[in-house]
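Student: Below is one structure. I have some questions about it.
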Amino acid sequence: MEKEILEKYKMQSREEMVAFLKSLWAKKPQDCPLCGGRLDYFHKKAKKSNSDWICTACGERFQAIKILDQLND
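In structure tokens:
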């Protein structure tokens with residue numbers, strides 16, 4: 001499962017994916033790994049969560065907890 005999630009998000013290694021997830025949790029998102037667009041909170045009002053992001057350009061949703069779970073399978 002690790003290989004599929006890395007390929008889906010165009011990452012080369014587990015370490016690269018973990019660094020990406022850590023940046024999301026630190027509320028310092030990197031650019032979208034798929035299109036280079038800007039990532040923004042998925043929930044914008046009272047429920048801002050640093051584990052749920054969406055790309056403003058391509059619309060891909062990044063659910064950090066689920067990605068980490070798939071990475072560990």
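Oh and the sequence shown: position 43 is 43 in this note's numbering, straight run, nothing missing.
Every residue, glycine too, gets a C-beta built ideally from N, C-alpha and C.
Throw me the rounded Cβ distance for the residue 42 and residue 25 pair, which I believe falls under 8 Å.
Tutor: No, residue 42 and residue 25 are not in contact; Cβ-Cβ is about 14 Å, not under 8 Å.
Student: Residues in its own chain within less than 7 Å of residue 21 by CB, not counting five upstream and five downstream?
Tutor: 64, 67 and 68
Student: Identify, in the order they occur along the chain, each residue of the same chain with its Cβ nearer than 6 Å to the Cβ of residue 11, setting aside the five sequence neighbours on each side.
Tutor: 17
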